[in-house]
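Asks:
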Amino acid sequence: MNKIIVICGPTASGKTALSVELAKIYGGEIISADSMQIYTDMDIASAKATAEEQQGIPHHLMDFLDPSRGFSVADYVKLCKKTADEILGRGNIPIICGGTGLYISSFVDNLTFDESEQDFEFREKMRRFAEENGASALLEKLREVDPETAETLHENNIGRIIRALEVYKTTGHTISEAKKNSRKIPSPYEFIMITLDFADREQLKNRINKRVDEMMERGLEDEARSCFMQKSRPTAAQAIGIKELYPYIRGEKTLEECVEELKLHTRQYAKRQLTWFRRDGRMHRLVIEPCDGLCEIVGKARSIIDDNLQILEN
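Count the sequence shown with the working numbering and you get residues 1017 to 1330, in order.
1) For a test of the three-state rule: what should DSSP assign to M1299, helix, strand or coil?
2) Could you check which residue in L1038, C1113, G1117 has the C-alpha nearest to that of W1292?
3) Report the option in M1231, R1318, S1319 whose CA atom is closest to the CA atom of M1058.
4) What's the gap between the Cα of K1287 and the Cα of L1280?
5) If you check the beta carbons only, do D1162 and T1190 fall under 7 Å apart?
6) Kindly indicate which three-state DSSP category S1242 falls into: helix, strand or coil?
7) Could you round the C-beta distance between R1318 and I1041 to whole angstroms and report it? I think they count as a contact, below 8 Å.
8) Apart from the five residues just before and just after M1209, which ones in its own chain have a Cβ nearer than 6 Å to its Cβ?
9) Using a 10 Å radius around the Cβ and a threshold of 16 neighbouring Cβ atoms, would you call G1309 buried or exposed?
10) Cα separation between C1311 and A1033?
11) Would you call the stretch 1093-1112 in contact with the stretch 1262-1273, where contact means no fewer than 3 C-beta pairs closer than 8 Å?
12) What are the boundary residues of the beta strand (DSSP E) that includes G1117?
13) Closest by CA to L1236, which one among D1213, R1223, V1275?
14) Between the Cα of R1106 and those of K1185, L1212, M1017, spot the shortest distance and give me the residue it belongs to.
15) Going by DSSP in three states, T1211 sits in which element: helix, strand or coil?
16) Assuming C1274 is part of the alpha helix (DSSP H), what are its boundary residues?
17) What is the DSSP secondary structure of Y1264, reduced to helix, strand or coil?
18) How many Å lie between S1088 and L1077 at the Cα?
19) List the whole-angstrom C-beta distance separating Q1254 from N1172, where the pair is believed to meet the contact cut-off of C-beta under 8 Å.
20) Look at the Cβ atom of E1045, then the Cβ atom of I1112, and state whether they are nearer than 7 Å.
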């Protein structure tokens, strides 16, 4: 028994609710694939499932790391494999749920990561370069040596851009080259991968706007203010939902302006997520219609999963 279900898609698409229902049907436990949900103290901004939303289903790789600590894709793949093996060992099905495409694809592709030396002085130099010249200039620096990796990263993803430059500096090889070599060993798991999509883009836009309003009602401003006061947490300062409120906390913008910017950035992030998952031909696209409720979405997912379980077993 080595089958794993993957539920991915853009933010606010309903991944958590679907995964919980599928876990109840198939005897599953959920593994988060969200690069911000791993951190403590950012519950609202990262949209962690509440105890009520989890409905007693075990959730893993969530809320365990202080935002001052670093965490890499390699760390995620290692922990995800360990967690998946433990779940399978209990006779349950791992259900990977999240929107961080790099985490999901790296685990599914069974990537092994270059154990290059760490150069903290170089990292700091690159951080200063980004501060002085802008994030786009830093991404351009990566594009000069590793255009393939640069194409997959957003300019705000400063940590990963610096890591890619660091790997090239310490090894002489690019991350894209290392990934190609690491794909030679097939994964020990069989995956059924579903990505949530929308027939009407306006529907997703409305869901995102509504979620942001609900986050504000739940106390996102207080959460952002708490992160702002703890200067040793640079990760929090980069998180969507936190960084957009900093100008208000500093007295530079009104709260309404910052909330509108948060909605815009979240919609832009969702668009990048859709692009990432759509280009993976292994994904089964579950299209949500405006009239679909949770029952209809679960039914569509079950149809995909049951068909593929039959294929895998044969």
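Quick reminder that beta carbons are idealized off the backbone N, C-alpha and C, glycines included.
Replies: Taking the coordinates as given:
1) coil
2) G1117
3) M1231
4) 11 Å
5) yes
6) helix
7) 7 Å
8) V1022, R1298, M1299
9) exposed
10) 10 Å
11) no
12) It is not in any beta strand (DSSP E) - G1117 instead sits in the alpha helix (DSSP H) that spans 1117-1124.
13) V1275
14) M1017
15) strand
16) 1271-1294
17) helix
18) 13 Å
19) 7 Å
20) no
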